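See below for the structure under consideration.
In full-length UniProt numbering, the protein residues as written are 1 to 114.
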């Protein structure tokens with residue numbers, strides 16, 4: 001099974017630049033007006049600003065499991081991208097929410113090592 005998570009945005013060009021910083025690379029694929037980043041073997045995040053999706057702008061919530069949370073947050077900070085405070089859950093998972101320019105929630109979660 002493949003997964004395509006569509007993030008509806010107002011301005012694809014502006015969002016493309018933001019997502020390039022968030023993921024640390026340009027889109028892996030461009031299909032028509034959609035820009036896609038591969039985030040797993042069969043999992044993709046897609047940004048789309050077509051009018052047909054305008055009612056859904058800002059409503060996305062995605063959590064990514066990561067192994068390098070501090071490195072990612074440093075990269076975001078170097079580009080002026082802010083985030084909510086990092087929380088540590090009772091099970092040791094560190095979690096932080098990052099909002100894109102349209103208010104879509106892209107959370108990062110890092111499980112404890114060892």
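Glycine is no exception: its CB is placed at the ideal position from the N, C-alpha and C atoms.
Keep in mind that this is a model prediction, so the values were computed, not measured.
- Residue state for residue 43 is assigned as strand, using DSSP reduced to three classes.
- If one requires a minimum length of 3 residues, the beta strand (DSSP E) runs lying completely within the UniProt domain "VOC" (1-111) are 3-8, 29-31, 34-40, 43-48, 61-66, 94-99, 105-110, in chain order.
- For the 7 angstroms CB-CB criterion, residue 96 and residue 108 form a contact.
- At least 7 angstroms separates the beta-carbon of residue 98 from that of residue 79.
- The straight-line gap separating the alpha-carbon atoms of residue 61 and residue 104 is approximately 6 angstroms.
- Just so you know, the alpha carbons of residue 23 and residue 37 end up roughly 8 angstroms apart.
- Only exposed fits residue 52, as fewer than 16 other CB atoms lie within 10 angstroms of its CB.
- Taking the Cα of residue 33 as reference, the smallest distance to any Cα among 11, 20, 1 is reached at 11.
- Annotation for residue 43: 3 place their beta carbon closer than 7 angstroms to its own, counting only its chain and skipping 5 residues before and after.
- Spanning the alpha carbons of residue 20 and residue 100 requires a straight line of approximately 12 angstroms.
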